[in-house]
Amino acid sequence: MYEGIAASRGIGIGSVCRIIEHDLTYENHKPEDTEAEKGRLHDAVESFKKETMEMADDIRKRIGPKEAEILEGHLVMISDPAMVGEMDKMIDNNQCAEAAVTAVCDMFINMFSSMDDEVMKQRASDVKDIKNSLLKILLGIEDINIGKVAPGTVLVAKDLTPSMTSQIVKENVAGIITEIGGKTSHSAILARALEIPAVLSVPGIIDLVNDKDTAIIDGTEGQVFINPTGDVLSTYIRKREDFIRKQEELKKFHGKETVTADGKKLELFCNIGTPKDAKKAIECDGEGIGLFRSEFLFMNNTHLPNEDEQFEAYKEAVQTMGGKAVIIRTLDIGGDKDIPYLNLEKEENPFLGYRAVRYCLANPDTYKIQLRAIMRASAFGKVKIMLPLVTTVDEIRSVKAMVEELKKDLDAEGIDYDKNIEVGCMMETAAASLIADKLAKESDFFSIGTNDLTQYTMSVDRGNAKVAYLYSAFQPSVLRSIKNIIAAGNAAGIPVGMCGEAAADPLMIPLLIAFGLDEYSVNPVLVLTARCIISKWSVEEAKALADKVMELDTEKEIVELLKASAKD
Amino acid sequence: MVSANVKVVNAEGMHMRPASLFCQTVTPFQSTVKINFNGNEFDAKSVMMLMSACIKCGAEIEIKCDGPDENEALKAAVDLVNSGLGD
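Just so you know, the sequences run in chain order V and W. Going by our numbering, the letters in the first sequence line up with residues 1277 to 1844, in that order. Going by our numbering, the letters in the second sequence line up with residues 80 to 166, in that order.
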């Protein structure tokens, strides 16, 4: 068994086809006519551009615009005057076209690969791809046609260049193994887009296999088996079937309502960080946005974004969601999120300090700009305002008073907004949990933030490896807190959501159903998984399990019982 | 010759797309456009040179323009960087 990087999920079983790199050596000769030699180079560059453009068009149509960007990048690079210009200069100095291509490309390859930046290092493989393509054209070498491999082929290559990947026919390729490349390499991105299992960075694999060997690729675990025994093969055939069955099962949940096994309708929302992510939420079948973090506007900036800049960003997300709810969390800075231009003082205990709603209320001029921008966006869909880190009733009252004041201003200015815009609390502190009944009377909704709630309830810094073992949302104290918050919201008749990682946790979901959570907000890619798990539990079954769980004393016992009761 | 200091604010820094947009924006100007970063000077009309500067989010760069339309070129370059380079 060989191990590598798990780059694209799934199990692939098939027959090896090695992609051996071409011999691109050439005889260095002095060109007789440098102008003619430059002409030969320019012809090669033109035919490279034409091929690349055609491949980019093909990928754009077959896979998507994002995947085509790689090849479009090659076009931009070869069109740079610094590239062909430098090559011309070398030919003027009596070098042949092949030598000119090699020298100029190698210079850029060395420059990019020495950079201390993963994404920039990828540019080195782009230039290498350009260099090889140009040399092949100059030397008149034809490529193996990957598009023509037999069904059930496992491609084994040193590296899969974008030009190779673009020829892959999804139906014929069972898996991909390479010697180099990481999770964010072109090969990985394309393999995932094509849903072909891939394991990358398997050292020396190309010399360890022969053509027609049988290979198993576990792209979920990053494992490769060559000529496996019958036992291993049958295990993986079963694993492959399971994987395919699960994927098919999940696809069936696309476009469906989120309901429990006994028909209780729940809401399944998404967490997003930028307006563009809203598109992803829609693609993944999210039913709304349960958490739109507004920090991106402030963090990727050199100055406080003004009202119009903020309004445009919120409006974009709201319009993308087309009438579905968008819960915007107001500025949650401080703690681990610093914004240099605000010149906040360094604090001894930033997580217990001047942050989130505390900062906002102390800087009403800044905060009102954000509230106004959100309120203006509410004219274009269903928008809700969520306050982070609430610990007292005064905080929500103050914000609501500000919102009322801003309504008068907007009315006076004749600016449109949703007059019934809801204001709610993010429930993420022990204080908020203990006065959840009081806060429920003041709030239009609750949303539980499990990451901070766990940290504050357990008094544990999860970044500290020595105490990280305490950081678990399954600690009895955290579960009691979650239960209490949901009960308080239910009693007051307001909807309660959860926007932490726990909302998509298969072990947590039955407990949340039992406690009466209304809205689950998850990473867009987990929407179908969460919907599938919710569909397997009836409220009654979930309650029976939760009753047992809440009797247990330790986190370990709780997790064990939940694992034993989990539904596959 | 005119110059200005700006901070790169887009999350990706001067990667493929932002660098290529930057080149496209400054190339039509007659003036030369250079970027000073970390003590080195780079030709801003070359996407390869721009990327080779390895300019990341938060980096302070100096843009220098020299030529008949240097003021217009500088303004276009500075505005583009401040707007987040198309990200």
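The beta-carbon is built from N, C-alpha and C at its ideal position, and this holds for glycine as well. It should be emphasised that the depicted structure is a prediction, and the values quoted were computed from it without experimental measurement.
Looking at chain V, is there any beta carbon in it that lies within less than 8 Å of the beta carbon of residue i?
{"i": "W:Lys86", "result": "yes"}
{"i": "W:Ser131", "result": "yes"}
{"i": "W:Ser82", "result": "no"}
{"i": "W:Ser99", "result": "yes"}
{"i": "W:Ala90", "result": "yes"}
{"i": "W:Val61", "result": "No statement about residue 61 of chain W is possible, as the shown extent of chain W runs from 80 to 166 and does not include it."}
{"i": "W:Val105", "result": "no"}
{"i": "W:Val126", "result": "yes"}
{"i": "W:Gly163", "result": "yes"}
{"i": "W:Lys135", "result": "yes"}
Measuring CA to CA, which of the options is closest to residue i?
{"i": "V:Asp1333", "options": "V:Leu1347, V:Val1321 and V:Val1602", "result": "V:Leu1347"}
{"i": "V:Asp1591", "options": "V:Ala1554, V:Arg1756 and V:Ser1748", "result": "Looking at the sequence itself, residue 1591 of chain V is Lys, so the reference to Asp does not match. Taking only the C-alpha atoms, the option nearest V:Lys1591 is V:Ala1554."}
{"i": "V:Val1445", "options": "V:Ala1433, V:Ala1464, V:Ile1472 and V:His1462", "result": "V:Ile1472"}
{"i": "V:Cys1701", "options": "V:Thr1733, V:Thr1668 and V:Tyr1732", "result": "V:Thr1668"}
{"i": "V:Thr1328", "options": "V:Ile1406, V:Ala1716 and V:Thr1805", "result": "V:Ile1406"}
{"i": "V:Pro1427", "options": "V:Lys1622, V:Ala1820 and V:Cys1293", "result": "V:Cys1293"}
{"i": "V:Gly1288", "options": "V:Lys1552, V:Phe1384, V:Val1432 and V:Asp1368", "result": "V:Val1432"}
{"i": "V:Val1485", "options": "V:Ile1502, V:Ala1469, V:Ser1477 and V:Gln1595", "result": "V:Ile1502"}
{"i": "V:Ile1513", "options": "V:Lys1819, V:Ile1493 and V:Gly1531", "result": "V:Ile1493"}
{"i": "V:Ile1335", "options": "V:Cys1560, V:Glu1583, V:Ala1467 and V:Tyr1747", "result": "V:Ala1467"}
{"i": "V:Val1801", "options": "V:Thr1596, V:Glu1680 and V:Phe1529", "result": "V:Phe1529"}
{"i": "W:Gly118", "options": "W:Met95, W:Leu164 and W:Ile134", "result": "W:Ile134"}
{"i": "V:Lys1540", "options": "V:Ala1818, V:Ala1822 and V:Pro1581", "result": "V:Ala1818"}
{"i": "V:Ser1439", "options": "V:Glu1517, V:Gly1349, V:Asp1518 and V:Val1500", "result": "V:Gly1349"}
{"i": "V:Asn1582", "options": "V:Asp1641, V:Glu1313 and V:Asp1608", "result": "V:Asp1641"}
{"i": "V:Asp1584", "options": "V:Ile1770, V:Pro1341, V:Leu1647 and V:Gln1371", "result": "V:Leu1647"}
{"i": "V:Glu1671", "options": "V:Glu1621, V:Leu1715 and V:Lys1695", "result": "V:Leu1715"}
Closer than 8 Å, CB to CB, is residue i near chain W or not?
{"i": "V:Gly1773", "result": "no"}
{"i": "V:Pro1357", "result": "yes"}
{"i": "V:Val1395", "result": "yes"}
{"i": "V:Thr1578", "result": "yes"}
{"i": "V:Lys1352", "result": "The displayed chain sequence assigns Val, not Lys, to residue 1352 of chain V. It does; some Cβ of chain W falls within 8 Å."}
{"i": "V:Met1277", "result": "no"}
{"i": "V:Phe1259", "result": "Here chain V has residues from 1277 to 1844 only, and residue 1259 of chain V is not among them."}
{"i": "V:Met1651", "result": "no"}
{"i": "V:Arg1399", "result": "yes"}
{"i": "V:Met1391", "result": "yes"}
{"i": "V:Met1387", "result": "yes"}
Could you pull out every residue in the same chain whose Cβ sits closer than 7 Å to the Cβ of residue i, ignoring the five residues on either side in sequence?
{"i": "V:Ala1282", "result": "Val1475, Gly1495, Thr1496, Glu1497 and Gly1498"}
{"i": "W:Asp98", "result": "Note that residue 98 of chain W is Ala in the sequence shown here, rather than Asp. So the qualifying residues of the chain are Val126, Leu129 and Met130."}
{"i": "V:Tyr1693", "result": "Met1651, Arg1652, Ser1654, Ala1655 and Leu1686"}
{"i": "V:Ile1603", "result": "Ile1565, Gly1566, Leu1567, Phe1568, Lys1660, Met1662 and Ser1723"}
{"i": "V:Asn1304", "result": "Cys1372 and Ala1375"}
Tell me which same chain residues have a C-beta within less than 8 Å of the C-beta of residue i, skipping the five on either side of it?
{"i": "V:Gly1423", "result": "Gln1443, Ile1444 and Val1445"}
{"i": "V:Ala1638", "result": "Tyr1630"}
How would you call residue i, buried or exposed, if buried means at least 16 neighbouring beta carbons within 10 angstroms?
{"i": "V:Gly1480", "result": "exposed"}
{"i": "V:Ile1834", "result": "buried"}
{"i": "W:Val105", "result": "buried"}
{"i": "V:Asp1728", "result": "buried"}
{"i": "V:Val1508", "result": "exposed"}
{"i": "V:Leu1410", "result": "buried"}
{"i": "V:Asp1402", "result": "buried"}
{"i": "V:Arg1673", "result": "exposed"}
{"i": "V:Ser1797", "result": "buried"}
Can you list, in chain order, the residues of its chain with a C-beta nearer than 6 Å to that of residue i? Leave out the 5 residues immediately preceding and following it.
{"i": "V:Lys1843", "result": "Lys1812"}
{"i": "V:Leu1838", "result": "Leu1783"}
{"i": "V:Leu1855", "result": "Because chain V here runs from 1277 to 1844, residue 1855 of chain V falls outside it and cannot be looked at."}
{"i": "V:Ile1339", "result": "Ala1469"}
{"i": "W:Asn115", "result": "Glu141"}
Do residue j and residue i come within 8 Å of each other at the CB atom, strictly closer than that value?
{"i": "W:Phe108", "j": "W:Glu151", "result": "yes"}
{"i": "V:Arg1807", "j": "V:Leu1544", "result": "yes"}
{"i": "V:Lys1412", "j": "V:Leu1300", "result": "yes"}
{"i": "V:Glu1624", "j": "V:Lys1600", "result": "no"}
{"i": "W:Glu139", "j": "W:Asn84", "result": "yes"}
{"i": "V:Asp1713", "j": "V:Val1699", "result": "no"}
{"i": "V:Ala1376", "j": "V:Phe1388", "result": "no"}
{"i": "V:Leu1414", "j": "V:Glu1447", "result": "no"}
{"i": "V:Lys1434", "j": "V:Ile1482", "result": "yes"}
{"i": "V:Thr1291", "j": "V:Thr1490", "result": "In the sequence on display, residue 1291 of chain V carries Ser and not Thr. In this structure, V:Thr1490 lies closer than 8 Å to V:Ser1291 by Cβ."}
{"i": "V:Val1772", "j": "V:Ile1789", "result": "no"}
{"i": "V:Leu1787", "j": "V:Val1825", "result": "yes"}
{"i": "V:Val1425", "j": "V:Ala1450", "result": "no"}
{"i": "V:Ile1761", "j": "V:Ser1709", "result": "yes"}
Counting only Cβ pairs nearer than 7 Å, list the residues of chain C close to residue i.
{"i": "V:Gly1349", "result": "No chain C appears in this structure, whose protein chains are V and W."}
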